[in-house]
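2 protein chains.
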Amino acid sequence: MKRMPLPDKVDLREVGLRDGLQMVGQILPTQTKLDWCRDQVACGFSEIEVTSFVPPSSIPQFADAAEVLKGAKAIGGFTAAVLVPNLKGGIRALERGADKITFVLSASEAHNMSNVRRPTDASATEFEDLVTERDARGLKGKVALSAVIATAFGCSIQGEVPEDRVLDLSERLAAAGADELSIADTVGYGNPLQVRRLFAAISTVVGPLPLAAHFHDTRGMGLANVIAAAEVGVRRFDAALGGLGGCPFAPGATGNIATEDCAYLLESIGLSTGIDFERLLQLRVRLEEWLPGERIEGRLKQAGLAKTFLSAA
Amino acid sequence: MKRMPLPDKVDLREVGLRDGLQMVGQILPTQTKLDWCRDQVACGFSEIEVTSFVPPSSIPQFADAAEVLKGAKAIGGFTAAVLVPNLKGGIRALERGADKITFVLSASEAHNMSNVRRPTDASATEFEDLVTERDARGLKGKVALSAVIATAFGCSIQGEVPEDRVLDLSERLAAAGADELSIADTVGYGNPLQVRRLFAAISTVVGPLPLAAHFHDTRGMGLANVIAAAEVGVRRFDAALGGLGGCPFAPGATGNIATEDCAYLLESIGLSTGIDFERLLQLRVRLEEWLPGERIEGRLKQAGLAKTFLSAA
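The following block contains the structure:
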């Protein structure tokens, strides 16, 4: 199952513990979350979004956020990222020792208002303030700040999201000092042509700043969009085990791209993920045990690896 | 929901009534098959594979093949295609008035033996004989003969399928007088790079002969493969409503790419399918009523059209 490592590597980041669980009705016990996290590290994942620092009143699933982060740090050996929706959450994440903070705002004004109850520009200002806070604590180069532009390909509330708006935000967040820009198709509106065009345009605006892609598979185009992004040089992808997740403002949204299928796709086209597929499929089985009755997607678990599949890991 | 028609059109062919039903346990009544067929035509589909002329003992679902073909011809307004696994089935399809015959053989020797119990070269000879039979009946230019190369991207029985074998078969079937070559990823082993490479290579060998792509979504790469094939000029795609289907020799195979998701993807990248999406989604609802308890896939039905979606139809 091994072949010579290819020069081209890709970072596949697990977001199931955050974006995946966000939409799951049942509260997963903290210990189970940490078991999941530990298993995922053992599979070879080097970055995991372990939780979200949001008010427990808005998403009870993350009431144990500080405890999960603490447990994740104790596991070690990977970058423990935490999602935050505002400066307050960001400062909390800095104080609690997150390795990386993913700060989310929406290119769609309507979505930003629904999601974090303030205009997008106000959120961008909070990101700038978060950079200042981090640097003032001497954490520059120690805690990475990723700026996530949600609904970058369209919005289920307002419809079209102008590409110029995404480019302006990209420029502003890059200038603020983001260590990474993550471009998110929160509601599954993107198509491969659009993905190629937008990532290429953002690259032109922000230069060598690393770009990440966060796709949902709401209308089945998730993995086609991964290929499109990879083709224009994107090497950081988010995915959720079993395709868990969705968005509270995307009706019928069927969740993130499935980690196992995305990993398989990336390896198939010669992009090395460093992931142990046998372990990953074992973890995928455990996920179903942990979340009985939940709709869990992903085709690789059912079909298994192809006889012709050679992992580049 | 309309925009100016784009110059680039694509033929999306429904194979649910054949490849989809092949793996379904319950026998769909003939009248229901014809209702499905009629609805699909009303959605704008110009080609439908309506049944398979195989021995009823091997697939009882198709015991009514002649009756279905007769009913489909009575509906009219579209190309009624019939799949056949050998010369005998082909002659029966000619006699019964099929508009098009899709003759399937496998590039994998092991798969061909399992599927039709003869070596691949023997099947190719039968295709050559079928061309002769058709022409002798004065049906050249009236009944199209499509040669399907199954397991062209790998085989769940024998593993690797050499690309040279696929190219040699392509050359032979084209020389025999095929009106179309259909390249099938029967077991979901193909990846986008492989798809691009193989279709480009086949084009070089067979020149302007139309190529069709038949993808399964066994490991989630089906729609990414559609994009890859479209990029190298393929404009004919098979799909099954609700992603029905599979292959008896592909363990855990989760079926064809879903017609509704594929149509949506193609329109999204500016390839006009001529399909009425509202009607198609209504038909998709009926499919679930017709096949209670069956595993039916496809994301578009759950998520609905994006607000930003403009059909090119």
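Each protein sequence line maps, in turn, to chains A and B. For the first sequence, position 13 (counting from the first letter as 1) is numbered 13 according to our numbering, and the numbering increases by one without interruption. Numbers in our numbering are just positions in the second sequence, counted from 1, shifted up by 313. We put the beta carbon where it would ideally sit given N, CA and C, even for glycine.
#1: So that I know if they touch, is there some Cβ in chain B lying closer than 9 Å to that of A:ILE269?
#2: I want to verify the contact list: residues of chain A whose CB lies under 7 Å from the CB of B:THR572, in sequence order.
#3: For B:GLY520, tell me which candidate among B:ARG485, B:ASP551, B:GLY533 and B:ALA553 has the shortest Cα-Cα distance.
#4: Under 8 Å Cβ-Cβ, which residues of chain B neighbour A:ALA306?
#5: Residues of chain B with CB closer than 7 Å to the CB of A:ARG196, please, in chain order.
#6: On the three-state DSSP scale, how would you describe A:PHE309?
#7: DSSP three-state call for B:PHE550: helix, strand or coil?
#8: Determine whether the beta carbon atoms of B:VAL500 and B:ALA420 lie at a separation below 9 Å.
#9: Output needed in chain order: residues of the segment 532-556 of chain B with a Cβ under 8 Å from some Cβ in chain A.
#10: Give the DSSP bridge partners of A:SER106, in chain order.
#11: Comparing C-alpha positions only, which one of A:THR30, A:SER268, A:SER123 and A:ALA306 sits nearest to B:ASN504?
#12: I'd like to confirm the pairing. Which residues does DSSP put opposite B:ASP498 in its beta bridges?
#13: So B:ARG331 and B:LEU396 are supposed to be a Cβ contact under 8 Å. How far apart are they, rounded?
#14: Check B:SER539 in the structure and name its three-state DSSP category.
#15: Kindly provide the ranges of any alpha helix (DSSP H) runs that are 4 or more residues long and lie completely inside the segment 343-381 of chain B, ordered along the chain.
#16: Within its chain, find whatever has a CB closer than 8 Å to the CB of B:VAL323; leave out the 5 residues flanking it on each side and keep chain order.
#17: Just by C-beta distance, which residues in the segment 280-307 of chain A are closer than 8 Å to chain B?
#18: Run down chain A in chain order and give the residues with a C-beta less than 9 Å from the C-beta of B:GLY329.
#19: Starting from the C-beta of A:GLU49, find all residues in its chain whose C-beta is less than 8 Å away, skip the five residues before and the five after it, and write them out in chain order.
#20: Out of A:ASP261, A:ARG38 and A:ARG197, state which residue places its alpha-carbon closest to the alpha-carbon of B:THR531.
#21: On a CA-only basis, which of B:HIS529, B:THR445 and B:GLU422 is nearest A:ARG299? Give me that one, please.
#22: Could you tell me how far apart the beta carbons of A:ALA42 and A:ARG286 are, in whole angstroms, since I believe they sit closer than 8 Å?
#23: Looking only at C-alpha atoms, which of A:LEU21, A:ARG38 and A:LEU28 sits nearest to A:GLN282?
#24: Please confirm whether B:THR445 and B:ASP498 have their CB atoms less than 9 Å apart.
#25: Taking 9 Å as the threshold (beta carbon to beta carbon), is A:GLU364 in contact with chain B?
#26: Alpha carbon to alpha carbon, how far is A:ASP64 from B:LEU524?
#27: Evaluate B:PRO318 with the Cβ neighbour count: other Cβ atoms within 10 Å of its Cβ, from every protein chain shown; 16 or more gives buried, anything less gives exposed.
#28: Give every residue of the same chain whose Cβ lies closer than 6 Å to the Cβ of B:PHE358, excluding the five residues on either side of it in the sequence, and list them in chain order.
#29: Which value, in whole angstroms, describes the spacing of the CA atoms of B:SER483 and B:ILE496?
#30: Is DSSP giving B:GLY617 helix, strand or coil here?
#31: Use the C-beta contact count for B:GLU360: other C-beta atoms within 10 angstroms, 16 or more gives buried, fewer gives exposed.
#32: Just how far apart, CA to CA, sit B:LYS413 and B:ALA387?
#33: Based on the DSSP output, what are the partners of B:ARG326 in its beta bridges?
#34: Using beta carbons (cut-off 9 Å, strictly below), is B:PRO505 in contact with chain A?
#35: With burial defined as no fewer than 16 other Cβ atoms inside 10 Å of the residue's Cβ, what is the status of A:PRO29: buried or exposed?
#36: For A:PRO56, I'd like the list of residues in its chain whose CB is within less than 6 Å of its CB, leaving aside the five on either flank, ordered along the chain.
Looking at the coordinates:
#1: Here residue 269 of chain A is taken as the residue at index 269 of the first sequence, counted from 1. Yes, its Cβ sits closer than 9 Å to a Cβ of chain B.
#2: Translated into positions along the second sequence, residue 572 of chain B becomes position 259. Residues of chain A passing the Cβ test: none, with the nearest at roughly 11 Å.
#3: What you label residue 520 of chain B is simply residue 207 of the second sequence in a count that begins at 1. Of the listed residues, the one whose Cα sits closest to B:GLY520 is B:ARG485.
#4: Residue mapping note: residue 306 of chain A aligns to position 306 of the first sequence, counting from 1. By Cβ distance, chain B contributes GLY467, SER469, VAL500, GLY501, TYR502 and ARG532.
#5: Translated into positions along the first sequence, residue 196 of chain A becomes position 196. What A:ARG196 touches in chain B: nothing, since even the nearest Cβ is about 10 Å away.
#6: For this step, residue 309 of chain A is matched to residue 309 along the first sequence. Coil.
#7: Position 237 of the second sequence, counted from the start, is the residue given in the question as residue 550 of chain B. Strand, per DSSP.
#8: Numbered from its first residue, the second sequence carries residue 500 of chain B at position 187. Numbered from its first residue, the second sequence carries residue 420 of chain B at position 107. No. Outside cutoff.
#9: Closer than 8 Å at the C-beta level to chain A, one finds these residues of the segment 532-556 of chain B: ARG532, GLY533, MET534, LEU536, ALA537, VAL539, ILE540 and ALA541.
#10: Residue numbering aside, residue 106 of chain A sits at position 106 when the first sequence is read from its first letter. Beta-bridge pairing links A:SER106 to A:ALA150.
#11: Mapped onto the second sequence, residue 504 of chain B falls at position 191. With distances taken between Cα atoms, B:ASN504 lies closest to A:SER268.
#12: The sequence position of residue 498 of chain B within the second sequence is 185, counting from 1. Looking at the DSSP assignment, B:ASP498 forms a beta bridge with B:PHE528.
#13: If you number the second sequence from 1, residue 331 of chain B lands on position 18. If you number the second sequence from 1, residue 396 of chain B lands on position 83. At roughly 5 Å, the Cβ-Cβ gap stays under 8 Å, so B:ARG331 and B:LEU396 are in contact.
#14: Translated into positions along the second sequence, residue 539 of chain B becomes position 226. Per the sequence shown, residue 539 of chain B should be read as Val rather than Ser. Reduced to three states, the DSSP call for B:VAL539 is helix.
#15: 343-355
#16: Taking the second sequence and counting its residues from 1, the one referred to as residue 323 of chain B is at position 10. Contacts found: ALA543, ARG548, ARG549, PHE550, LEU579, LEU584, SER585 and THR586.
#17: GLY298, ARG299, LEU300, GLN302, ALA303, GLY304, ALA306 and LYS307
#18: As a first step, residue 329 of chain B is located in the second sequence; it is residue number 16 there, counting from the start. Under the 9 Å cutoff, chain A gives no residues; its nearest Cβ is about 16 Å from B:GLY329.
#19: As a working mapping, residue 49 of chain A is identified with position 49 in the first sequence. ARG13, GLU14, VAL15, LEU17, ARG18, ASP19, ALA81, VAL82, LEU83, THR102 and ASP238, listed in sequence order.
#20: On the second sequence, position 218 is the one that residue 531 of chain B refers to. Comparing Cα-Cα distances from B:THR531 to each of A:ASP261, A:ARG38 and A:ARG197, the minimum goes to A:ASP261.
#21: Within the first sequence, the letter at position 299 stands for residue 299 of chain A. Per the Cα distances, B:HIS529.
#22: What you label residue 42 of chain A is simply residue 42 of the first sequence in a count that begins at 1. What you label residue 286 of chain A is simply residue 286 of the first sequence in a count that begins at 1. Contact doesn't hold; Cβ gap of about 12 Å is too wide.
#23: Within the first sequence, residue 282 of chain A is the residue found at index 282, counting from 1. The option with the nearest alpha carbon to A:GLN282 is A:ARG38.
#24: Counting from one through the second sequence, the residue named residue 445 of chain B turns up at place 132. Counting from one through the second sequence, the residue named residue 498 of chain B turns up at place 185. Cβ atoms of B:THR445 and B:ASP498: not closer than 9 Å.
#25: No answer is possible for residue 364 of chain A: the residues shown for chain A start at 1 and end at 313.
#26: The count along the first sequence starts at 1 and reaches residue 64 of chain A at position 64. The count along the second sequence starts at 1 and reaches residue 524 of chain B at position 211. Looking at the two C-alpha atoms, the distance is approximately 55 Å.
#27: Here residue 318 of chain B refers to the residue found at position 5 of the second sequence. Because the pLDDT at B:PRO318 is just 44, under 50, the model does not fix this residue reliably, and the value given afterwards should be weighed accordingly. By the neighbour-count rule (16 or more Cβ atoms within 10 Å), B:PRO318 is not buried but exposed.
#28: As a working mapping, residue 358 of chain B is identified with position 45 in the second sequence. These residues qualify, in order along the chain: GLU327.
#29: Within the second sequence, numbered from 1, the residue matching residue 483 of chain B stands at position 170. Within the second sequence, numbered from 1, the residue matching residue 496 of chain B stands at position 183. Their Cα atoms are separated by approximately 9 Å.
#30: The sequence position of residue 617 of chain B within the second sequence is 304, counting from 1. Of the three classes helix, strand and coil, the one that applies to B:GLY617 here is coil, per DSSP.
#31: Taking the first residue of the second sequence as 1, we reach residue 360 of chain B at position 47. A buried status is given to B:GLU360, since no fewer than 16 other beta-carbon atoms sit within 10 Å of its beta-carbon.
#32: Locating residue 413 of chain B in the second sequence gives position 100, where the first residue counts as 1. Locating residue 387 of chain B in the second sequence gives position 74, where the first residue counts as 1. Answer to the nearest angstrom: the Cα atoms are 15 Å apart.
#33: Counted from its first residue, the second sequence places residue 326 of chain B at position 13. Bridge partners of B:ARG326: B:ASP551.
#34: For the purposes of this step, residue 505 of chain B is identified with residue 192 of the second sequence, where counting begins at 1. Chain A contact via Cβ: present.
#35: What you label residue 29 of chain A is simply residue 29 of the first sequence in a count that begins at 1. A:PRO29 is exposed by the Cβ-count criterion.
#36: Taking the first sequence and counting its residues from 1, one reaches residue 56 of chain A at position 56. Closer than 6 Å at Cβ, skipping near neighbours: ALA63.
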